[in-house]
Amino acid sequence: MSLLKLPTRRLLSPRPGITTITPRLSRTYTSNTSNKPPSKRQLQTSTSTTTPPPPPPLQAIPPSTTKTKTPLRRPRKSAITLTPSAIQHLRALLAQPTPQLIRIGVKNRGCSGLAYHLEYVDRPGTFDEEVVQDGVRVLIDSKALFSIIGSEMDWVEDRVSARFVFRNPNIKEQCGCGESFSVG
């Protein structure tokens with residue numbers, strides 16, 4: 001019974017000028033009389049005379065070097081920003097005896113197609129986006145989110161009117177009176 005070794009190959013080392021030789025397979029096998037490799041069954045039933053070295057003992061990591069767990073998601077930018085005057089007016093609207101929330105949405109209306117719509121609701125909808133800024137909680141209707149995202153909500157008072165004004169960077173077309181808009 002003779003021992004056969006598989007052919008080896010030369011690998012380049014990361015350092016220039018050093019060549020290492022590694023076997024293609026780490027298994028050695030025996031053959032009876034022929035020079036052909038053993039069958040699959042012989043390889044499965046062969047036993048090794050050497051045992052692998054035991055793993056190194058585990059060492060405790062000091063608590064000062066452990067990493068803190070970071071959240072999987074970073075905080076998102078809010079869908080809409082509120083100006084200080086809008087926050088002040090929303091606080092006045094929300095300070096009622098019955099606690100309610102304000103939902104911002106859009107409706108199909110006007111010359112250009114969409115118009116902003118504000119309504120009181122008792123609780124948020126299933127997919128409504130919640131925006132909290134300076135203690136004021138406002139909901140954005142899930143259907144209106146893509147047309148409102150990135151907007152700024154402001155409260156404007158002039159001689160003729162007092163109203164919420166939305167500055168929306170997504171608007172592609174707006175009617176002359178400013179009542180309705182379309183998003184492209």
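Each residue of the sequence shown is one higher than the one before, counting from 1 in full-length UniProt numbering.
Idealized CB from N, CA, C, for every residue including glycine.
Between I140 and I80, the CB-CB gap stays under 9 Å. When C-alpha distances from K77 are compared across F166, V131 and S85, the shortest belongs to V131.
In the displayed model, Q174 falls within a strand according to three-state DSSP. By the Cβ rule, the segment 119 to 131 counts as touching the segment 95 to 102, because three or more pairs are nearer than 8 Å. The alpha carbon of S182 has as its nearest neighbour, out of C111, A162 and V136, the alpha carbon of C111. R123 sits in coil when the DSSP states are folded into three classes, being neither helix nor strand.
For N108 and G135, the gap between their C-alpha atoms comes out near 31 Å. Burial check for S180: the Cβ neighbour count within 10 Å reaches 16 or more, so the residue is buried. The shortest CA-to-CA distance from S85 to any of N168, F164, Q174 and C175 is the one to F164.
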